[in-house]
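K.L.:
A single structure is presented below for examination.
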Amino acid sequence: MADDGFISLDGVEKVFEVRRRAGLLRRERREVRAVDGISFRVARGEMVGYIGPNGAGKSTTIKMLTGILTPSGGRLRVAGIDPSRERTRLAHRIGVVFGQRTTLWWDLPLRDSYRLMHRMYRIPDRRYRENLERCVELLDLGELLEVPVRQLSLGQRMRGDIAAALLHDPEVLYLDEPTIGLDVISKAKVRQFLKELNAERGTTVLLTTHDLTDIEQLCSRVMVIDHGRLMYDGSLAGLHEVGESERMLVVDLESELPPIRLDSADGGDQPALRAVKVEGPRQWLAFPAAASAAPLVARIAADYPLVDLSVREPDIEAVIARMYESTP
Amino acid sequence: MRLYAVVAAGGFRRYATYRTATAAGVFTNTVFGFIMAYTYIALWDVRPQLGGYDTSQALTYVWLGQALLMTSALMGGGFESELVERIRTGDIAVDLYRPADLQLWWLAADLGRAAFHLLGRGVAPMCLGALVFDLALPGSFWTWPAFLLSVFLGVVVSFAIRYLVAMSAFWLLDGAGAMQMAMLAGLFFSGMLLPLNLFPGLLGEVARALPWSSLLQVPVDVFLGKHTGWGLVEAYVFQAGWALALLGVGRLLQTVATRRVVVQGG
Ligand SMILES: Nc1ncnc2c1ncn2[C@@H]1O[C@H](COP(=O)(O)OP(=O)(O)O)[C@@H](O)[C@H]1O
Ligand SMILES: [Mg+2]
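As structure tokens, then:
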């Protein structure tokens with residue numbers, strides 16, 4: 002068991018059969034390989050990011066991990082349990098949050114949904130009270146308990162959903178796009194909470210996202226999935242290296258100037274950055290994601306009439322696109 | 077079991093939050109009650125003892141119909157559109173993941189709803205009707221609990237029918253058609269428009285044997301003291317039989333549908 006991992010997948014596949022009308026009577030059958038042979042292990046207490054563009058197969062993986070979808074092939078175990086065979090037994094040990102779907106009672110105050118969890122998971126009274134108190138405090142839900150769920154903002158609802166998923170002390174928490182559509186403050190609160198949950202309680206966390214910032218702030222390990230295949234499994238820094246990803250420096254100059262050129266600092270023949278786009282006084286300058294931005298900014302400020310600047314992180318689509326380019 | 081008690085309480089409270097809608101509904105029920113009452117008076121004037129009811133029994137039928145219209149969801153409604161929507165959007169997957177039984181869950185919620193509608197939408201029109209018209213109220217106290225039990229069984233049958241309608245959404249692209257058909261069938265075969273006793277010949281016999289007659293016709297006849305002794309037991313057995321049969325079919329469809337969702341993703 003020891004090296005088997007708390008969550009373990011071996012060549013897991015999910016193939017959907019999609020029927021489509023083609024012409025009057027003919028029906029076309031098409032196979033969608035949503036998850037196409039994925040293997041990984043997650044140890045107890047790890048916090049792992051599962052990222053990939055839309056349609057990559059993230060949600061399908063999560064659904065198989067909860068048991069609401071049966072794999073078409075491969076072997077999958079969570080805490081030693083085959084999820085699709087023993088969905089109900091597993092449900093007592095895991096927590097799930099689907100970003101775009103709520104498990105809360107729409108027309109009733111948040112507190113009623115929690116009462117329901119209390120009974121549904123048969124949580125001992127004291128345990129329930131303690132956990133609720135803790136979630137209310139850390140997720141800032143105090144004012145919201147008596148508010149009907151339909152009146153909550155998306156960010157408030159998401160916090161409410163996360164609390165609902167944790168009242169029964171799950172050993173592992175899956176979050177499917179927990180920050181999608183959230184405002185900056187809610188995003189920060191959710192991230193902070195997950196960090197503490199993982200650090201203090203040792204809850205294993207697997208979260209899907211297409212926002213690299215989530216991963217940057219939360220996960221030491223990241224898995225990249227695209228077209229149902231695992232493209233990368235390792236640290237975030239390593240991902241930038243593999244993807245040869247670039248960050249973007251957007252500078253506003255006092256006037257329109259020819260593209261900025263900076264030679265490599267250590268005298269190599271690779272320039273330190275390259276101008277990707279020039280639009281009037283604004284220039285977009287790409288540089289390797291692993292390089293530090295500060296010395297570049299200092300050198301630009303010394304040589305050019307700099308008015309304003311911002312740094313953009315690479316987005317996941319760009320990282321994956323470059324990954325394809327580098328591994329033919 | 078306590079879980080389902082919380083679900084039922086939630087079903088009750090959920091409807092209780094919409095006070096204006098409840099007031100508007102009571103008003104509508106009352107207006108309809110008056111219209112139907114005067115229609116029935118005219119009808120029974122011409123044909124006294126129609127269907128074995130005298131005029132005051134016929135009026136009682138009208139007002140009980142209004143009182144139970146929402147309680148027993150005679151024309152459908154309550155939870156199906158919500159469940160159909162969850163099936164259509166795939167949210168049903170989230171429900172499946174919970175360690176709770178889908179059918180019992182929705183049954184509990186619907187019983188909570190029915191309890192609210194009996195109190196919130198049923199009592200007021202019934203009292204108004206009794207004030208204005210000469211209704212045939214039960215002579216014996218025991219008729220009241222006997223009536224309530226029959227209403228309860230009727231609500232379960234009504235739930236079972238509506239659950240089947242909702243389950244059809246797993247196979248039909250559009251649940252609206254099934255819901256409309258169920259509404260028409262309910263309107264006609266529950267006896268909401270005309271007591272099933274008035275239906276002639278074979279049509280009447282068939283109508284009285286269909287599950288919808290459990291929703292209104294049977295409870296009203298219990299209220300009017302038409303079923304007593306073994307007759308009462310038979311009436312209960314009729315209702316409970318339909319309830320069990322329909323719940324059983326619903327459970328079967330649920331099992332098949334669940335298997336499909338788990339394999340096909342809905
Ligand atoms: N129930 C389903 N039936 C058919 N195709 C599906 C179903 N669910 C997902 N898919 C397809 O599988 C692929 C992966 O979907 P999904 O796991 O939801 O991606 P992600 O969550 O990464 O955006 C997509 O092409 C999607 O259209
Ligand atoms: Mg998704």
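Chains as they are written, first to last, in the working numbering: chain A, 2 to 329; chain B, 77 to 342. Where is the CB? At the ideal position from N, CA and C, for every residue including glycine. The structure presented is a predicted model; accordingly, all values stated were derived computationally and were not measured.
1) Any heavy atom of ligand 1 closer than 8 Å to the beta-carbon of N55 (chain A)?
2) Using the rule of at least 16 other Cβ atoms within 10 Å of the residue's Cβ for burial, across every protein chain shown, is C203 (chain B) buried or exposed?
3) Note down, in chain order, all residues in the segment 160 to 185 of chain B with a beta-carbon under 7 Å from any beta-carbon belonging to chain A.
4) Please state whether DSSP places F235 (chain B) in a helix, a strand or coil.
5) Have a look at T67 (chain A) and Y173 (chain B) and give me their C-alpha separation to the nearest angstrom.
6) In chain A, which residues lie with their C-beta within 7 Å of the C-beta of G341 (chain B)?
7) Leaving out the 5 sequence neighbours to the left and right, which residues in its chain are closer than 7 Å to N132 (chain A) when beta-carbon positions are compared?
8) Exposed or buried, V122 (chain B), counting other C-beta atoms within 10 Å across all chains shown (16 or more means buried)?
9) Does the structure place the segment 322 to 337 of chain B close enough to the segment 236 to 255 of chain B that three or more beta carbon pairs sit under 8 Å?
10) Please identify the residue among B:Q179, B:I237, B:R95 and B:R90 whose C-alpha is closest to the C-alpha of L260 (chain B).
11) Have a look at the DSSP bridge pairing and note the partners of T210 (chain A).
12) Indicate the three-state DSSP secondary structure (helix, strand or coil) for R192 (chain A) in the structure shown.
13) Taking E158 (chain B) as the reference, give the member of B:V309, B:K302, B:T219 and B:A242 with the closest Cα.
14) Does P272 (chain A) come out as helix, strand or coil in the three-state DSSP assignment?
15) Within 8 Å: the Cβ of T68 (chain A) and any heavy atom of ligand 1?
16) Any chance the CB of A245 (chain B) is under 8 Å from a heavy atom of ligand 1?
17) Considering only heavy atoms of ligand 1, does any lie closer than 8 Å to the CB of Q340 (chain B)?
18) Would you say the beta carbon of I226 (chain A) is closer than 8 Å to some non-hydrogen atom of ligand 3?
19) Which same chain residues end up closer than 6 Å to T93 (chain B) when comparing Cβ atoms and leaving out the 5 residues on each side of it in sequence?
20) Could you tell me which uninterrupted alpha helix (DSSP H) segments, each at least 4 residues in length, are contained entirely in the segment 199 to 279 of chain B, listed from first to last along the chain?
21) Report buried or exposed for I186 (chain A), applying the criterion of at least 16 other Cβ atoms within 10 angstroms of its Cβ.
22) Using the Cβ count rule (16 or more neighbours within 10 Å means buried), how would you classify M232 (chain A)?
23) What separation, rounded to the nearest whole angstrom, lies between the Cα atoms of E217 (chain A) and M118 (chain A)?
24) Alpha carbon to alpha carbon, how far is P315 (chain A) from R262 (chain A)? Give it in angstroms, no decimals.
25) With a cut-off of 9 Å, does the C-beta of L229 (chain B) fall near any C-beta of chain A?
26) Apart from the five residues just before and just after R173 (chain A), which ones in its own chain have a Cβ nearer than 6 Å to its Cβ?
27) Quick one: what's got a C-beta closer than 8 Å to P282 (chain A)'s C-beta in the same chain, skipping five residues either side?
28) Would M224 (chain A) count as contacting chain B if we go by Cβ distances under 9 Å?
29) For the segment 143 to 156 of chain B against the segment 216 to 236 of chain B, are there 3 or more C-beta pairs whose distance is under 8 Å?
30) At the level of alpha carbons, what is the spacing between D215 (chain A) and V320 (chain A)?
31) Counting only Cβ pairs nearer than 8 Å, list the residues of chain A close to L300 (chain B).
32) For P289 (chain A), which residues does DSSP report across the bridge?
33) Check this for me: beta carbons of L213 (chain B) and T106 (chain B), under 9 Å apart or not?
34) Hey, which unbroken runs of the beta strand (DSSP E) at 3 residues or more fall wholly within the segment 76 to 130 of chain A?
35) Residues of chain A with CB under 9 Å from G154 (chain B), in chain order?
36) Can you tell which of A:A295, A:K59 and A:S114 has the C-alpha that lies nearest to the C-alpha of E208 (chain A)?
P.N.:
From the atom records:
1) yes
2) exposed
3) D167, A169, V170, L172, Y173, R174, P175 and A176
4) helix
5) 7 Å
6) F17 and L70
7) L167, L168 and D170
8) exposed
9) yes
10) B:I237
11) A:I52
12) helix
13) B:A242
14) coil
15) Contrary to the premise, residue 68 (chain A) reads as Gly rather than Thr in this sequence. G68 (chain A) Cβ: outside cutoff for every heavy atom of ligand 1.
16) no
17) yes
18) No copy of ligand 3 appears in this structure; the ligands present are ligand 1 and ligand 2.
19) none
20) 199 to 208, 219 to 243 and 251 to 265
21) exposed
22) buried
23) 32 Å
24) 21 Å
25) no
26) For the record, residue 173 (chain A) in the displayed sequence is Val; it is not Arg. These residues qualify, in order along the chain: I95 and T205.
27) D253, L254, E255, S256, E257, L258 and V308
28) no
29) yes
30) 15 Å
31) Within chain A, no residue comes near L300 (chain B); the closest Cβ sits about 37 Å away, beyond 8 Å.
32) A:E247
33) no
34) 95 to 99
35) Those do not exist, as G154 (chain B) stays about 13 Å from chain A at its closest Cβ, beyond 9 Å.
36) Checking the displayed sequence, the identity of residue 208 (chain A) turns out to be Leu instead of Glu. Of A:A295, A:K59 and A:S114, the residue nearest in Cα terms is A:K59.
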